[in-house]
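First to last, the sequence lines map onto chains A and B. The numbering used here numbers the first residue of the first sequence as 16 and each following residue consecutively. The numbering used here numbers the first residue of the second sequence as 75 and each following residue consecutively. Quick reminder that beta carbons are idealized off the backbone N, C-alpha and C, glycines included. Here the structure comes first, spelled out in structure tokens, and everything after it is commentary.
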Amino acid sequence: MKGGPVLRAPEELRHTYAQLGITLLAGMREIWAHKFRSLLTMLGIILGVSSLVAMSALVAGMEKGAKESLVAIGGLEKVRVEPQDLPVEQRHLTDQAVGITINDVYALDHSAPLIRKLSPEMRLPATLSANGKTYRPWVCVGVWPVALEMSEHTIAHGRMITELDDELARNVCVIGTATRDELWGAPEKVGREIIPLGETVYINGVPFTIVGMFQHYESEQERKARELAKLQPEPAQQQGGVARDRGRGGRRRGNFVFYLKNSTVYLPLNTVWMKFRSGVALTGFGSSFQPVGGAGGATGDPRLSSLEVKIASVDLLPEALQQARNVLMSTHKGIEDFTFRTQEDWAEQIAIFVRNARLSGGLIAGISLLVGGIGIMNIMLASISERVREIGIRKSVGAATVDIFVQILVESVVIAVLGGLAGLATSFALVNLISSFSPTENAPIVQVGSLLVAFSFSVVVGVLAGIFPAVKAARLNPIQALRYE
Amino acid sequence: MALVELRNVSKIYRLGEEEIRALDDVSLDIEEGEFISIIGPSGSGKSTLMHILGCLDSPTQGTIKLDGVMIQNAGARELAAIRNRKIGFVFQFFNLLPKLNVLQNVELPMIYSGISGKERHRRALEALESVDLANRARHRPSQLSGGQQQRAAIARALVNNPRIIFADEPTGNLDSHTGDAILQLFRKLSQAGRTIVLVTHDPEIAAVTPRRIEIRDGKVATRVDLTLAGLDRVAAKGAPAL
Ligand SMILES: Nc1ncnc2c1ncn2[C@@H]1O[C@H](COP(=O)(O)OP(=O)(O)O)[C@@H](O)[C@H]1O
Ligand SMILES: [Mg+2]
Numbered sequence: 016m017k018g019g020p021v022l023r024a025p026e027e028l029r030h031t032y033a034q035l036g037i038t039l040l041a042g043m044r045e046i047w048a049h050k051f052r053s054l055l056t057m058l059g060i061i062l063g064v065s066s067l068v069a070m071s072a073l074v075a076g077m078e079k080g081a082k083e084s085l086v087a088i089g090g091l092e093k094v095r096v097e098p099q100d101l102p103v104e105q106r107h108l109t110d111q112a113v114g115i116t117i118n119d120v121y122a123l124d125h126s127a128p129l130i131r132k133l134s135p136e137m138r139l140p141a142t143l144s145a146n147g148k149t150y151r152p153w154v155c156v157g158v159w160p161v162a163l164e165m166s167e168h169t170i171a172h173g174r175m176i177t178e179l180d181d182e183l184a185r186n187v188c189v190i191g192t193a194t195r196d197e198l199w200g201a202p203e204k205v206g207r208e209i210i211p212l213g214e215t216v217y218i219n220g221v222p223f224t225i226v227g228m229f230q231h232y233e234s235e236q237e238r239k240a241r242e243l244a245k246l247q248p249e250p251a252q253q254q255g256g257v258a259r260d261r262g263r264g265g266r267r268r269g270n271f272v273f274y275l276k277n278s279t280v281y282l283p284l285n286t287v288w289m290k291f292r293s294g295v296a297l298t299g300f301g302s303s304f305q306p307v308g309g310a311g312g313a314t315g316d317p318r319l320s321s322l323e324v325k326i327a328s329v330d331l332l333p334e335a336l337q338q339a340r341n342v343l344m345s346t347h348k349g350i351e352d353f354t355f356r357t358q359e360d361w362a363e364q365i366a367i368f369v370r371n372a373r374l375s376g377g378l379i380a381g382i383s384l385l386v387g388g389i390g391i392m393n394i395m396l397a398s399i400s401e402r403v404r405e406i407g408i409r410k411s412v413g414a415a416t417v418d419i420f421v422q423i424l425v426e427s428v429v430i431a432v433l434g435g436l437a438g439l440a441t442s443f444a445l446v447n448l449i450s451s452f453s454p455t456e457n458a459p460i461v462q463v464g465s466l467l468v469a470f471s472f473s474v475v476v477g478v479l480a481g482i483f484p485a486v487k488a489a490r491l492n493p494i495q496a497l498r499y500e
Numbered sequence: 075m076a077l078v079e080l081r082n083v084s085k086i087y088r089l090g091e092e093e094i095r096a097l098d099d100v101s102l103d104i105e106e107g108e109f110i111s112i113i114g115p116s117g118s119g120k121s122t123l124m125h126i127l128g129c130l131d132s133p134t135q136g137t138i139k140l141d142g143v144m145i146q147n148a149g150a151r152e153l154a155a156i157r158n159r160k161i162g163f164v165f166q167f168f169n170l171l172p173k174l175n176v177l178q179n180v181e182l183p184m185i186y187s188g189i190s191g192k193e194r195h196r197r198a199l200e201a202l203e204s205v206d207l208a209n210r211a212r213h214r215p216s217q218l219s220g221g222q223q224q225r226a227a228i229a230r231a232l233v234n235n236p237r238i239i240f241a242d243e244p245t246g247n248l249d250s251h252t253g254d255a256i257l258q259l260f261r262k263l264s265q266a267g268r269t270i271v272l273v274t275h276d277p278e279i280a281a282v283t284p285r286r287i288e289i290r291d292g293k294v295a296t297r298v299d300l301t302l303a304g305l306d307r308v309a310a311k312g313a314p315a316l
């Protein structure tokens, strides 16, 4: 037989191609014939895909929340200079330590070009009273007007402290909405927004006039929830449910940064120095304070709780820190009683957390997918031994090894793909479920990328799980298959 | 040149120490258009021979030439293509796929030769008509009688217009009346020019074919004649069922 049409590669290829549709249908039929078994087999894939999507959504939500917070406190360019205990080898010099003073601010301004902005702070442990109520804000601090920009504050009503206020040591203050809520009542409770501009508030017994109020700070998530609550029917609001919700929510970990900003009171730096100098806290924020007895320490310069600086750019952070250190070492006569606290630590922590969360989530999803793949392989092997005869018949009418291989592989992939699709559908339910008892208030963000990745994984698992059974089926000897009754 | 040329073919199975010679130095020719039966007692090697002739199995020794192609030189892919285009099988147990209906079963060989859906459908129906089963096209095999199932299997064997049809005990699972009808069908196909190899242990059935090859213990029996097999009486009776 010369040039017989028995075998020509492109032709064969076309056959395989044309068969694919039929093979797909046959695969579907096979799966449909064993509905329950197929569903059980898919379960691993469904769990794997949905947990992959849900995990990455959760992490993405947290990452977004963390980054929002990072921006809210002033971004990566902000560095805090805080007083610190002397290193061991300098302990004997403790008496000569001057602490961070207003002098350092001028020195840095003059000699550290990489530092763009300087905002000195005098922290005041304060009790505010007005309207017959008292409140202890998280942050009551004497500042320069630059603090507004430095800490990403926005004035919603009235004005910020001015340089004149500072120079004249006026008794004026700018408050946040938390102070307003506590002393005059929150809008949700009162039913209207009270703006206490011009009111007098007593700070540690000294009367101050409120000249400005910050905007209300909240995460995007909170804002959405609040707007949603507004849209809800009247009765819910009258019961005060919304206000209580927010009160609780405001103190949760995820929104602490925003709560902190709302609970901030700004006074002119000079005013704090003049009126409260003996009461200023000389340690970093959040730790216990020790009021300093003798005003101004060794030099008599106004002593600060801390100093916030903004550097030219994040890329120049190490250089800027070195510059600042050099300047401060000279003003402090070589006594290292200060330290720098950068947000980079935080940013890095966020990155590490995200990486770890991704890793563990990926691991869980990977294991589920692996188990799913093993399940598919198992069921395919079982189905082959059930179908030895079918495979023999197909071979006897002319199915080539590759045809049988493709048939089994397609079945395996179809199971995986259906499982993957079901997993994607389930993942949305899972995301909702998780966000209902999520540890933070950051809503999970389902990303298209993660859907694609999860789905492709399921396809890959289907292919990998199908290869071994497909090879096994393709290698079956048709005679043995046909002989057995 | 004969359609099939078998030369010194042996098939040896090894079961541990034991060596089973299922076929022992078999040589035979099958001409185009022949209607031939391979007869012998159970276990004599008939099915083994048929599987080797039909490219389902390979011999331990010897050569086969089918339609000019030396089978032992062909790869697995080529063998599949040969089974697909040149050979039709009919089995004792019908071997239809239970999950497919009759029409889909008959279409099966054409799926592996890449024939388009429309053409497949047309030719499958045509083949079913030729075995008088077109009215059962949408039935599942389990909904058919044994004879109908076997006719569906014959339609499947015919549908790719093969050079040769092998039928292994095609009536073995049917009552004698239905079996006779199936034999009748084979005779009709033979008259239409088909090359058919009928494998059977039953001399009465072998009697319908003009030529018989007797297999005993894996060898072609030297003396093949009707008297020996007691078939002269059957032949004298004129095989009334046919
Ligand atoms: N896979 C096998 N392994 C071992 N022996 C086999 C195998 N297949 C067939 N045989 C043996 O080969 C001989 C011929 O078998 P077979 O061709 O099926 O005979 P027949 O079809 O004439 O009844 C028998 O003895 C059988 O036991
Ligand atoms: Mg047999």
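Coil, strand or helix - residue i by DSSP
{"i": "Tyr186(B)", "result": "coil"}
{"i": "Asp131(B)", "result": "coil"}
{"i": "Phe240(B)", "result": "strand"}
{"i": "Tyr232(A)", "result": "coil"}
{"i": "Val478(A)", "result": "helix"}
{"i": "Val21(A)", "result": "Low per-residue confidence applies at Val21(A): pLDDT is 47, beneath 50, and the placement is therefore not dependable enough to give any value."}
{"i": "Thr109(A)", "result": "helix"}
{"i": "Val161(A)", "result": "coil"}
{"i": "Gly89(A)", "result": "coil"}
{"i": "Leu272(B)", "result": "strand"}
{"i": "Ala296(A)", "result": "strand"}
Contact test: residue i Cβ vs ligand 2 heavy atom, cutoff 7 Å
{"i": "Glu181(B)", "result": "no"}
{"i": "Lys120(B)", "result": "yes"}
{"i": "Glu243(B)", "result": "yes"}
Cβ-based burial, residue i [other Cβ within 10 Å; buried from 16]
{"i": "Tyr232(A)", "result": "buried"}
{"i": "Gln265(B)", "result": "exposed"}
{"i": "Asn147(B)", "result": "exposed"}
{"i": "Trp47(A)", "result": "exposed"}
{"i": "Gln166(B)", "result": "buried"}
{"i": "His125(A)", "result": "exposed"}
{"i": "Asp141(B)", "result": "buried"}
{"i": "Ser293(A)", "result": "exposed"}
{"i": "Tyr87(B)", "result": "exposed"}
{"i": "Ile389(A)", "result": "exposed"}
{"i": "Ala488(A)", "result": "buried"}
{"i": "Val226(A)", "result": "buried"}
{"i": "Leu439(A)", "result": "buried"}
Chain A residues whose Cβ lies nearer than 7 Å to that of residue i
{"i": "Pro63(B)", "result": "Because chain B here runs from 75 to 316, residue 63(B) falls outside it and cannot be looked at."}
The alpha helix (DSSP H) enclosing residue i, as first and last residue numbers
{"i": "Asn118(A)", "result": "Ile117 to Ser126"}
{"i": "Val216(A)", "result": "That residue, Val216(A), is in no alpha helix (DSSP H); its beta strand (DSSP E) goes Thr215 to Ile218."}
{"i": "Ile176(A)", "result": "Counting along the chain, Ile176(A) falls outside any alpha helix (DSSP H), and DSSP gives it neither H nor E."}
Extent of the continuous beta strand (DSSP E) to which residue i belongs
{"i": "Pro174(B)", "result": "A small fix is needed here, since residue 174(B) is Leu in this sequence, not Pro. Taken as a continuous stretch (DSSP letters only), Leu174(B) belongs to no beta strand (DSSP E), as it is neither H nor E."}
{"i": "Asp99(B)", "result": "Glu92 to Ile104"}
{"i": "Glu323(A)", "result": "Ser321 to Ile326"}
{"i": "Leu35(B)", "result": "In the structure as shown, chain B begins at 75 and stops at 316. Residue 35(B) is therefore absent and cannot be evaluated."}
{"i": "Lys148(A)", "result": "Lys148 to Tyr150"}
{"i": "Pro135(A)", "result": "Ile130 to Arg138"}
{"i": "Ala145(A)", "result": "Leu143 to Ala145"}
Within chain A, the residues that residue i reaches when beta carbons sit closer than 9 Å
{"i": "Ser118(B)", "result": "Result: empty, since nearest Cβ-Cβ is about 15 Å, beyond 9 Å."}
{"i": "Asp254(B)", "result": "Those within 9 Å of Asp254(B) in chain A number zero; the least Cβ separation is about 24 Å."}
{"i": "Phe165(B)", "result": "Ile408, Ser411 and Leu497"}
Chain B contact residues for residue i, given Cβ-Cβ distances below 7 Å
{"i": "Ile408(A)", "result": "Asn169 and Leu171"}
Heavy atom of ligand 1 within 7 Å of residue i beta-carbon
{"i": "Gly246(B)", "result": "no"}
{"i": "Gly117(B)", "result": "yes"}
{"i": "Leu497(A)", "result": "no"}
{"i": "Leu218(B)", "result": "no"}
{"i": "Ile63(B)", "result": "Absent from the model: residue 63(B). The displayed extent of chain B is 75 to 316, so no value can be given."}
{"i": "Tyr186(B)", "result": "no"}
{"i": "Leu491(A)", "result": "no"}
{"i": "Gly114(B)", "result": "yes"}
Contact list for residue i against chain B, beta-carbon separation under 9 Å
{"i": "Thr441(A)", "result": "Those do not exist, as Thr441(A) stays about 30 Å from chain B at its closest Cβ, beyond 9 Å."}
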